[in-house]
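What follows is a single structure, written as structure tokens, with notes after it.
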């Protein structure tokens, strides 16, 4: 159980420090051409104004630069 908590804490720390998501399935699908921009925005809207939803919106509008 400690390993799972440690991994979760590590991922959370990296995401906060670097301002990027470690894994966002919708982003991966969009970048690989498996879903359209409209489908990505539909997913983003389902998450509302949550940090994850806002992340997907940035991916869709091209304002997220790695």
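Numbering (my numbering), first residue to last: 2 to 67.
The C-beta atom is built at its ideal place from N, Cα and C for all residues, glycine as well.
Remember, predicted model here, so these are calculated numbers, not experimental data.
Query: Straight-line gap, residue 49 to residue 56 (C-alpha atoms, nearest Å); Result: 11 angstroms
Query: Contact belief for residue 44 with residue 27 at Cβ below 8 angstroms, rounded distance in angstroms; Result: 5 angstroms
Query: Length-filtered (4 minimum) alpha helix (DSSP H) runs lying within the segment 12–47; Result: 26–32, 38–47
Query: Alpha carbon of residue 35 to alpha carbon of residue 41, nearest angstrom; Result: 10 angstroms
Query: Anticipated Cβ contact below 8 angstroms, residue 60 with residue 31, distance rounded; Result: 6 angstroms
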